Structures are given as structure tokens and as C-alpha cells.
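What follows is a short report on a single structure.
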Amino acid sequence: MTAAFNHTRTSKKVAPINDPKSAEKQVNVGDRGMFSELNLEHKYCIKHSSDRPKVISEVFENTYSSVHGARMMISSIQGQTLSMLISLLKPKICLELGCFVGNSALWIADGLAKAFPRPHKKQTAGHLWTCEIDPKTAELATSNISKSDLAEYVTVVNSSGLDFLAKWDKTKQFDFVFIDADKGNYINYYEYIVSNNLLAPNGLIVADNVLFKGQVSKLEATTHYANPSSVSQKIFNFNLHVKNDPRTEQVVLPVFDGMSLISLKK
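87 is the number of the first residue of the sequence shown in the numbering used here; add one for each residue after it.
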């Protein structure tokens, strides 16, 4: 997913998709990420990774057939990565900044269901709060999630990320954070969470689109852009900011459009 709130979504319509996985294969590199539709390695990864759960495939397919900006959804490879991380880490308090239609939230919930299988005591299960600033999109996400058997793991909040964080109970730290919202605020989200001690000692932040269509690595700057004018420059600033932050350590992974895993230094 590229971004949810405060992000200009494309008005270009996407043709309906019949095969739940075919949407990913038909998208061009300029729209979706680093891997082109002809990239054999990416196709191989899709083929040999676990299949999408049915409910996520339905959301993916329906979004591509009817929603503008469908390309903002995360890929299956990214979703599987999130789900596996969640199932292994078993985080109790999760946050997503940038919900869009609920595709990535369902992937996180899929991991929570594996980490906290039913029957469980509700107060001990992990839970995701996911923020979407656009009311209609938040309503669609709520609808998509409510139709699944994962709804108990997710709360959709119609709010900007920074407003949500400002109102959050500061005594409760996040065990897992997925940042996939407006790129100009990536540093602000990161700083608010880290500076206010909202990331648990063993918590993990995952930031999406950190290679942004393969454009970020092509920038020749050696210091941050004072007035970034493009998404790639904003992401460049974020990557450099995190790299130079002595409080955290990170690894940038070339997973689809790039994902950074960030944790507090021990």
C-alpha cells in the first residue's frame, strides 16, 4: 500500500480481476513497486509462498474491480511477511497508520489469530487499532473487516495518525506498528512513537514503501532534503533519519516496494 490518509489517490480505474492472485501479476512496476510483472523472481516468490486467506483474496479482488487507488494495497508477499512477523512476535497492542480498505489490517489480524488462536480470553488476545482519515474509506474498511472471521482482532478508527497518537493512553506501549500512510509524515509518526516512549522494549516498527518504486536509491543526495518535493525525497529523508538515530536499529528489506524493520537498541 502506498498511503491512506492525507495522500492523493489516483483516479485511474483498474479493470476487474477474476483471479485473486492475477491482480498482482498484471500491475506494472511504475504503479506498484520495485518488481515488474516480468520479474521471474517475484513471480517465483508468489508461487512458492503460502496462498492468501480467502477473505483477503476477496477484499483484494473486489477492491481492484471497484475502488480507485486499488494499487495502494500491500502485495501478498508483504502481507505474508506481516502475518508471519505477527504470529512469531505475538504482539498484544498493534497499530497501523494507513488502513485504506483494510487489506493490510486483515493480514495483521491473520497473524494475530495465529498468535492468539480461539478460544482465548479477549483481554489477553492481541489487538490492532488501524487509522484511516477518509470517512468513506474507513467505512469501507470496517465493512470489509466485519465480513471476515477476524473482526474481533481489529478496530478501525476514522482519524489521522497524529491525532490518534495524541489521544492514545501513553501508559500503553505498542508492540507492533505498521506505518503506511502519507509519506511526508513518516518522520513525524516515527518521532512521536519513539520520543514518547510508545514503542515497547521488544516492539517492532515496520515502514512500507521505503524504496518507493525503485526511485529512492537513485537519489544522489548525501544529506536530507530541506524542502522535499517528491515522495521519493520524503522517503529518502525518513530512511536517513532512522539510519542516523542512535536510539534504534533497522534493516531495509527489498520486499516489493521496500520495507524497513525498526527496533529500539538494546
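Each residue gets a CB set at the ideal place from its N, CA and C atoms; glycine is no exception. Note that the structure is a prediction, hence the values are computed from the model and not measured.
Delimiting residues of the beta strand (DSSP E) encompassing residue i
i: E218; result: H213 to E218
i: A293; result: L285 to D294
i: Q336; result: T334 to L339
i: V243; result: V240 to N244
i: L326; result: Not the beta strand (DSSP E): L326 falls in the alpha helix (DSSP H), residues V317 to K329.
i: V263; result: F260 to I265
i: L347; result: M345 to L350
Rounded separation between residue i and residue j - CA only
i: L236; j: L214; result: 11 Å
i: F298; j: I231; result: 27 Å
i: E218; j: N125; result: 32 Å
i: T309; j: L326; result: 8 Å
i: K200; j: S173; result: 6 Å
i: N295; j: D343; result: 5 Å
i: C240; j: F260; result: Note that residue 240 is Val in the sequence shown here, rather than Cys. If I take the Cα positions, the gap works out to 15 Å.
i: V338; j: P314; result: 21 Å
i: D137; j: A312; result: 43 Å
i: A267; j: L347; result: 16 Å
i: L251; j: T216; result: 11 Å
i: Y276; j: E127; result: 32 Å
i: G155; j: A191; result: 17 Å
i: R333; j: A293; result: 17 Å
i: F262; j: D255; result: 16 Å
i: I321; j: A307; result: 12 Å
i: G116; j: P139; result: Here G116 scores only 44 on pLDDT, less than 50, and its place in the model should not be relied on; the value that follows carries that caveat. If I take the Cα positions, the gap works out to 27 Å.
i: I160; j: G184; result: 11 Å
i: L233; j: L305; result: In the sequence as presented, Leu is not what sits at residue 233; that position holds Lys. Taking the straight line joining both Cα atoms gives about 43 Å.
i: E182; j: V242; result: 9 Å
i: C180; j: K253; result: 16 Å
i: P330; j: S246; result: What sits at residue 330 in the sequence shown is Asn, not Pro. Distance between the alpha carbons of N330 and S246: 27 Å.
i: S135; j: R157; result: 21 Å
i: N282; j: S229; result: 33 Å
i: V280; j: P287; result: 11 Å
i: N244; j: M170; result: 27 Å
i: M345; j: N148; result: 25 Å
i: S151; j: N271; result: 30 Å
Helix, strand or coil at residue i [DSSP, three-state]
i: E110; result: With a pLDDT of 46 at E110, under the threshold of 50, the modelled position of that residue is not reliable, and the figure given next carries that caveat. DSSP places E110 in helix when its eight states are reduced to three.
i: D249; result: helix
i: D137; result: coil
i: D255; result: coil
i: D196; result: helix
i: L183; result: strand
i: S234; result: coil
i: L168; result: helix
i: G270; result: helix
i: F342; result: coil
i: V115; result: Confidence is the limiting factor: at V115 the pLDDT is only 42, short of 50, which leaves the residue's position unreliable, though a coordinate-based value still follows. Looking at V115 - three-state DSSP - the assignment turns out to be helix.
i: V153; result: coil
i: N189; result: helix
i: K129; result: helix
i: F298; result: helix
i: A227; result: helix
i: F146; result: helix
i: L124; result: Any reading at L124 must be qualified, since the residue scores a pLDDT of 47, below 50, and its modelled position is unreliable; the value itself is stated next. Note: L124 maps to coil in three-state DSSP.
Expected contact under 8 Å - CB spacing of residue i and residue j to nearest Å
i: I142; j: L168; result: Actually they do not touch by this definition, with Cβ atoms about 11 Å apart.
i: V145; j: G197; result: No, V145 and G197 are not in contact; Cβ-Cβ is about 16 Å, not under 8 Å.
i: E335; j: S316; result: Going by Cβ atoms, the distance from E335 to S316 rounds to 27 Å, so no, they are not a contact pair.
i: F186; j: A227; result: 7 Å
i: I132; j: V341; result: The Cβ separation is near 12 Å, so there is no contact.
i: L290; j: L175; result: 6 Å
i: I273; j: F324; result: 5 Å
i: V328; j: S318; result: Incorrect: roughly 16 Å between the Cβ atoms, too far for contact.
Host alpha helix (DSSP H) of residue i (start-end)
i: I160; result: Element bounds for I160: n/a, residue is neither H nor E.
i: E306; result: Careful: E306 lies outside any alpha helix (DSSP H) and carries neither H nor E.
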